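Quick notes on the structure that follows.
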Amino acid sequence: NKEVNLLQRDSIIYETNKDGNQTNAKVAILDRAPVSRPTVARDFYTLSIEGASQRIRIENPYFVPTTSIYKAIQKALKQGVLVEIMVPEKSDIPFTPDAMLHKLYKLYKKGAHVYLYRGGFLHAKMMTVDSTLSTLGSINLNSRSLRYDYEANAVFFDRKITAQLDSLYESDLKKCVRLDSLYWKKRSSWRKAVGWFANLLTPFL
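Note that the sequence shown covers residues 6 to 210 in the numbering used here.
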């Protein structure tokens, strides 16, 4: 598939040796560099999301994605894919929570399940797709990380590892509140206005 071809071109894929009844796992190192590999991270996320047929789970502290990733999520929702996104309710960066909620509420209205983590600051950066592919590492889903920073993620083509990450995701769900219409109505007009303005700054967040 397309994301595998991308990783074969721009990354290193390892075959891990397992003993007993466990199958071999393919692990790719997704290494993003601003000059030599500037688009590999956002291309990988875009292609992986576009290739989903059942479920996408995203857990990230800074969800203000580039246009291509955001459109890929919208497309997945239109195709009936279950999209679950978890972000912290509070952030350590000004404007970021407001910008995130502005975008996430739009995705909620299109069918996404959005969870706001209340168990402290959420710093996990992972995604699972269709229980077969998963990624974990340093990549934030914001413009700074996807466009300018040096980042690295491990990508796993393995059901067992993906299931373990799904289990961690489900554990974090117990400390979340849902973003829904009622939650949105409780936000002040001022905070909604800040979110609208902060959304204009997402290329710099």
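A virtual CB, placed ideally from N, CA and C, is assigned to each residue, including glycine. All of these numbers come straight from a predicted model, not from anything done at the bench.
Going by C-alpha positions, residue 176 is about 15 angstroms away from residue 183.
Residue burial is scored here from C-beta neighbours: residue 62 has at least 16 other C-beta atoms within 10 angstroms and is therefore classed as buried. One thing to note: residue 64 has its Cβ no nearer than 8 angstroms to the Cβ of residue 117. For the region 113-176, the continuous beta strand (DSSP E) assignments of 3+ residues that do not extend past its boundaries occur at 118-122, 131-134, 138-142 and 156-162, in sequence order.
Taking the Cα of residue 146 as reference, the smallest distance to any Cα among 48, 34 and 32 is reached at 48. Spatial neighbours of residue 97 in its own chain (CB-CB distance under 8 angstroms, excluding positions within 5 residues in sequence) are listed in chain order as 126. Between residue 151 and residue 72, the gap from beta carbon to beta carbon reaches 8 angstroms or more.
Secondary structure at residue 89: strand, using DSSP grouped into helix, strand and coil. Under the 8 angstroms Cβ criterion, the region 186-196 does not count as touching the region 75-86, having fewer than three qualifying pairs. With contact defined as three or more Cβ pairs closer than 8 angstroms, the region 164-172 and the region 135-149 are in contact.
For residue 63, the enclosing beta strand (DSSP E) starts and ends at 60-64. If you draw a 10 Å sphere on the C-beta of residue 120, you find 16 or more other C-beta atoms in it, and that means buried. In the assembly as shown, residue 123 is an exposed residue. Its beta-carbon has fewer than 16 other beta-carbons within 10 Å. Excluding five sequence positions before and after residue 204, the CB atoms of its chain that fall closer than 6 angstroms to its own CB belong to 104 and 107, given in chain order.
Under the three-state reduction of DSSP, residue 192 is assigned to coil, being neither helix nor strand. Rounded to whole angstroms, the Cβ separation of residue 86 and residue 66 is 23 angstroms, and the two are not in contact under 8 angstroms. Judged by DSSP in its simplified three-state form, residue 48 adopts helix. A direct Cα-to-Cα measurement between residue 156 and residue 75 gives close to 20 angstroms.
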